[in-house]
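Right, one structure below, let's go through it.
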Amino acid sequence: GWGAPLGIDLYADGLSAVVVAMVAGVGAGVAVHAWRYFPPGHERDFFWPLWLTLACGLGAVAVVGDVFNLYVAFEVTSIAAVGLVALGHGAVARVAAERYVLVALGGSLVYLLAVALLYAEYGVLDMAELAARVRPSPTTGLALALAMAGLSAKAALLPLHGWLPPAHASAPAPASALLSALVVKAAIYAQLRLGFTVFAGARTPALDAALGALGVGAIVWGSLLALRQRRLKGVVAYSTVGQLGYPFLAFPMAGTAGASAALAGAVYFLLAHACAKAALFLAAGNVQRALGHDRVEELRGAGAALPMTFLAFALASLSLMGLPPSGGFVAKWLLLRGALEAEAWALAVVIVGGGLLAAGYLLRVLALAMAVPSGPPPTVARVPRTLEAVALALALAAVALGLVSSAPLALLEVGAPEPLGTLGRRRP
2 GWGAPLGIDL YADGLSAVVV AMVAGVGAGV AVHAWRYFPP GHERDFFWPL WLTLACGLGA
62 VAVVGDVFNL YVAFEVTSIA AVGLVALGHG AVARVAAERY VLVALGGSLV YLLAVALLYA
122 EYGVLDMAEL AARVRPSPTT GLALALAMAG LSAKAALLPL HGWLPPAHAS APAPASALLS
182 ALVVKAAIYA QLRLGFTVFA GARTPALDAA LGALGVGAIV WGSLLALRQR RLKGVVAYST
242 VGQLGYPFLA FPMAGTAGAS AALAGAVYFL LAHACAKAAL FLAAGNVQRA LGHDRVEELR
302 GAGAALPMTF LAFALASLSL MGLPPSGGFV AKWLLLRGAL EAEAWALAVV IVGGGLLAAG
362 YLLRVLALAM AVPSGPPPTV ARVPRTLEAV ALALALAAVA LGLVSSAPLA LLEVGAPEPL
422 GTLGRRRP
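Residues 2 to 429 in the working numbering are what the sequence shown spells out, letter by letter.
Okay, here's the thing in structure tokens:
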């Protein structure tokens, strides 16, 4: 076939390797969980081809070297993800899948328009060629804004987050874990990849500030909504809306003294959050299976009945709150260090405050689960040990990422964008 810049080009660096490892590791854990979660029948028959298609699409997102085939990879990913949402039972899941497909198609069309503008302006679609040719211009600025808007819809960035909570809350637990841990992360990875490589010479302070402001809004608003949820999967779903604001804080710190730490923190956050959020959704699925419901106010006594599941929930919560020694702590510490070095005091307050808000909605769940019920203990159905063990393994991985952070951070520097390339000289 044709080579670059005319043909399909694949490109892998440390950033791509981290994303591929995230997809493979978390995906393997969810696959083991799904093997025991789905009984023989319709759901199991459809889950496996959808999951394998999703894995192929996510892997392609990480390694494609041109902006058009990035669009193709996202289409493959979106089709499979919508199918996974539709595996849920009842009209709620069907409506959530329909809403998701509309948002996914809308985001794809907006992104494709950006690709068309880039080709009209520069005559190439290869990312490396574009990075060398891109210059500030009205067309380039419009293409950048459209690309970021289209990908923001797929990433469920506020205010384009409306599809995410219903989709994640109504899908089966393994599907919810894949959506929250991997699918939305792929869109954020693409935004970081494009923003700091292809459009590195064309980004404007106004756009960086806008993305940062949306990230701040997501952290605050998503966390407040999570505090109000009455269902456990609703808490975990809205926490995704809030937590996904953190990587966007790297954009307003670009070009400052804190750029390298902030970008490293944003990427490391994707990895740590993927493990933690997969563990939380699988744990929530175990609770639903055992109790027959996931109403938060009726969790009293569930901690004693499901100790391994709630241990997984607690360990994953450490990472979401940003407490040591978890991977979430390393990611948020790097973001905080970047904010302090950039003298972005407001962002520093948001990073710390977001952790406190996360503690509010996560500790509420744990406190109720560990409370002694006022009446008879809840009736608990048997949960296979495999289901509990997978959730615990992913939660332990989220914690372990805080203990072995030097290796992934070193890998990020291999062929990385300029801000990440300076990290090794200034590693914590």
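Note that CB positions come from ideal geometry on N, CA and C, so glycine has one too.
Selected residue, minimal CA-CA separation from A98, among S171, A359, L337 and A188: Looking at the Cα atoms, S171 is the closest of the given residues.
Does the region 177-190 come close enough to the region 53-68 that 3 or more CB-CB pairs lie under 8 Å? Touching, yes, given that three or more Cβ pairs across the two stretches are closer than 8 Å.
Which of helix, strand or coil DSSP assigns to V65: Here V65 carries a strand assignment [DSSP, helix/strand/coil].
I'd like to know whether the C-beta atoms of S320 and A267 end up nearer to each other than 7 Å. No, these two residues do not count as a Cβ contact at 7 Å.
Within 10 angstroms of the Cβ of G243, are there 16 or more other Cβ atoms? Answer buried if so, exposed if not. Buried.
Rounded to a whole number of angstroms, what is the C-alpha to C-alpha distance between A305 and A35? Straight-line Cα distance between these residues: approximately 25 Å.
Have a look at A22, G403 and G235 and flag the residue whose alpha-carbon is nearest the alpha-carbon of L165. Ranked by Cα distance from L165, the options A22, G403 and G235 are led by G235.
Between A207 and G259, which are expected to be in contact by the criterion C-beta below 8 Å, what is the C-beta distance as a whole number of angstroms? Here A207 is actually not in contact with G259; their C-beta atoms are around 19 Å apart, not less than 8 Å.
Once you ignore the five residues that flank F252 on each side, which residues in its own chain have a CB closer than 6 Å to its CB? Cβ neighbours of F252 beyond the five flanking positions: D209, L212 and G213.
So, with DSSP's three-state summary, where would you put L402? L402: coil per DSSP, three-state reduction.
Cutoff 7 Å; reference A315; Cβ partners in own chain excluding five residues on either side: Only residues of its own chain outside the window of five on either side were considered, and among them L367 have a CB closer than 7 Å to the CB of A315, listed in chain order.
Have a look at V237 and L358 and give me their C-alpha separation to the nearest angstrom. Computed Cα separation, rounded: 13 Å.
Pull up the distance between the alpha-carbon of F270 and that of L395, whole angstroms please. Those two C-alpha atoms are separated by around 15 Å.
Just to check my reading of the structure: A263 and G339 have Cβ atoms closer than 8 Å, yes? What is that Cβ distance to the nearest angstrom? Distance from A263 to G339 at the Cβ level is roughly 3 Å; contact confirmed, criterion being Cβ atoms closer than 8 Å.
Closer than 7 Å by C-beta to L412: which residues in its own chain qualify, once you throw out the five before and the five after it? Chain order, please. Within the same chain, and ignoring the five residues on either side of L412 in sequence, the residues whose Cβ sits closer than 7 Å to its Cβ are G15, A18 and V19.
Residue of V96, P175, L161 and A63 minimising C-alpha distance to A29: Out of V96, P175, L161 and A63, P175 has the C-alpha closest to the C-alpha of A29.
By how many angstroms is the C-alpha of L410 removed from the C-alpha of A22? Roughly 13 Å separates the two Cα atoms.
Counting along the chain, where does the alpha helix (DSSP H) carrying A154 start and finish? That run of the alpha helix (DSSP H) goes P139 to A156.
Where T141 and G84 are concerned, what is the direct C-alpha to C-alpha distance, given to the nearest angstrom? Cα to Cα, T141 sits roughly 35 Å from G84.
Label A291 either buried or exposed according to how many other C-beta atoms from any shown protein chain fall within 10 Å of its C-beta, with 16 as the threshold for buried. A291 should be labelled buried.
Three-way DSSP call (helix, strand, coil) for L228 in this model: Reduced to three states, the DSSP call for L228 is helix.
Just verifying my parser: in three-state terms, what is the DSSP assignment at D10? The three-state secondary structure of D10, taken from DSSP, is coil.
Given a cut-off of 7 Å on the beta-carbon distance, is the pair L71 and V64 in contact? Going by C-beta atoms, L71 is not nearer than 7 Å to V64.
Which residue comes first and which comes last in the alpha helix (DSSP H) that contains L336? Residues G328 to E342.
Quick check on the burial criterion: 16 or more other C-beta atoms within 10 angstroms. Buried or exposed for H162? Around the beta-carbon of H162, 16 or more other beta-carbon atoms lie within 10 Å, marking it buried.
In its own chain, which residues sit with a C-beta less than 7 Å from the C-beta of I220, not counting the 5 before and 5 after it? Excluding sequence neighbours, I220 sits near G243, G246, Y247, V351 and G355.
In the structure shown, what three-state DSSP assignment does R136 receive? Three-state DSSP puts R136 in coil, outside helix and strand.
So, helix, strand or coil for R95, using DSSP? Three-state result, R95: helix.
Who are the near neighbours of V384 in its chain, counting only those whose CB is closer than 8 Å to its CB and skipping five residues on each side? Answer for V384: N287, R290, A291, L307 and T310, listed in chain order.
Strand pairing of R296, partner residues [DSSP]: Paired residue(s): R232.
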